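This report refers to the structure that appears directly beneath it.
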Ligand SMILES: Nc1nc2c(ncn2[C@@H]2O[C@H](COP(=O)(O)OP(=O)(O)O)[C@@H](O)[C@H]2O)c(=O)[nH]1
Ligand SMILES: [Mg+2]
Ligand SMILES: [Zn+2]
């Protein structure tokens with residue numbers, strides 16, 4: 068019989084909450100000394116490379132991980148015996164600039180960045196940072212502008228046109244007036260989405276409107292309860308209702324972009340609309356600043372690339388060169 072499997076919802080230190088595939092939520096801890104060899108033997112044959120990598124990461128279990136579980140007869144406690152290879156991840160380096168990788172979330176399909184059309188005013192530079200983080204992790208991203216009833220959709224579309232041009236879907240929504248909810252729900256259903264954005268923009272309101280019964284505060288509560296006891300392991304995965312499937316992952320830590328070690332030499336590639344121009348610069352290592360024959364600058368001057376997004380690129384580059392970005 069194959070062991071039951073589930074998805075890690077959250078946890079700190081040794082105890083993890085897991086949504087089993089049969090729908091039950093259980094607490095589980097990692098089986099004592101799970102090692103590569105154990106994992107390989109459990110699979111009963113030659114270890115594939117992805118299996119070895121997965122075993123390497125067992126001790127860095129993350130929200131969204133798919134795990135196999137086991138329970139001894141007569142026992143009430145579940146043990147996590149294996150972690151399945153990840154199809155994607157949102158990762159950053161360890162705080163303090165160490166070499167260790169910190170996995171914020173596993174098996175992520177998309178990053179959904181929420182801002183408000185007004186109240187609070189949107190902060191495009193902050194949006195750009197979120198999108199860069201998604202790109203650096205090779206994750207799809209989409210932009211949600213909530214409270215659209217305050218300024219009207221036409222104004223929002225014009226203001227965020229550069230993002231659509233760059234290839235990011237932009238959703239105009241109002242949790243209050245019930246605008247754009249179905250289209251957004253369709254993009255979340257059945258997928259694993261990291262939901263992020265500043266506070267006050269209406270994330271909780273949107274989730275309530277889209278999926279009644281899903282309460283983003285669940286993760287926030289466990290965060291504050293555990294504060295100072297353990298390093299937080301990266302937020303909370305909220306299972307979407309049965310018919311929808313999928314998970315919404317709430318990751319408070321995503322905001323501390325200052326702790327993300329992004330490779331400065333790749334920053335230009337994390338702005339998708341710059342990519343078609345990069346090969347045309349005279350210098351292969353062009354920083355797209357004051358270099359002669361810079362195709363990026365030319366594209367900005369010709370209005371092909373948004374001057375605001377280019378400005379974001381330059382600011383972020385300066386920050387990455389000087390010191391870890393702080394915001
Ligand atoms: N005008 C307007 N206000 C909204 C909308 N969605 C949420 N709000 C309000 O914005 C405030 C913050 O909402 P909340 O969901 O807590 O934001 P969160 O911090 O991102 O989770 C609350 O007062 C909400 O009632 C909207 O579509 N339009
Ligand atoms: Mg909230
Ligand atoms: Zn250039």
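Numbering (our numbering), first residue to last: 68 to 394. All C-beta atoms in this analysis are idealised placements derived from N, C-alpha and C, irrespective of residue type, glycine included. Given the structure is predicted, the values throughout are model-derived calculations rather than measurements.
Check, Outcome
"Please check the pair residue 183 and residue 78, which I expect to be a contact at CB under 8 Å, by giving their CB distance rounded to whole angstroms.", "About 31 Å separates the two Cβ atoms, so there is no contact after all."
"Of the residues 131, 76, 185, 276, which one's Cα is nearest the Cα of residue 246?", "276"
"For the 8 Å Cβ check, are there 3 or more pairs between the stretch 225-232 and the stretch 249-261?", "no"
"Quick check: is any heavy atom of ligand 2 less than 7 Å from the C-beta of residue 270?", "yes"
"How about the stretch 68-75 and the stretch 132-139: do they share at least three Cβ pairs that are nearer than 8 Å?", "yes"
"Taking 8 Å as the cut-off, decide whether the C-beta atoms of residue 171 and residue 129 are in contact.", "yes"
"Please tell me whether, using a cut-off of 7 Å, the distance from the CB of residue 355 to the nearest non-hydrogen atom of ligand 3 is below it.", "yes"
"What does the Cβ neighbour count give for residue 314, buried or exposed, with the cut at 16 atoms within 10 Å?", "buried"
"Is DSSP giving residue 278 helix, strand or coil here?", "coil"
"Since residue 332 and residue 372 are thought to touch, with beta carbons under 8 Å apart, how far apart are those beta carbons, to the nearest angstrom?", "In fact, because the Cβ distance is near 19 Å, the residues do not count as touching under 8 Å."
"For a minimum of 3 consecutive residues, which ranges assigned as the beta strand (DSSP E) are wholly contained in the stretch 304-387?", "314-317"
"Specify the secondary structure class of residue 188 as computed by DSSP and reduced to three states.", "coil"
"Decide if residue 187 is buried, meaning its Cβ has at least 16 other Cβ atoms within 10 Å, or exposed.", "exposed"
"For residue 263, count the other beta carbons within 10 Å of its own beta carbon; 16 or more makes it buried, fewer makes it exposed. Which is it?", "buried"
"Less than 8 Å between the beta carbons of residue 379 and residue 195, yes or no?", "yes"
"If residue 238 and residue 281 are in contact, beta carbons under 8 Å, what's the gap, nearest whole angstrom?", "No, residue 238 and residue 281 are not in contact; Cβ-Cβ is about 18 Å, not under 8 Å."
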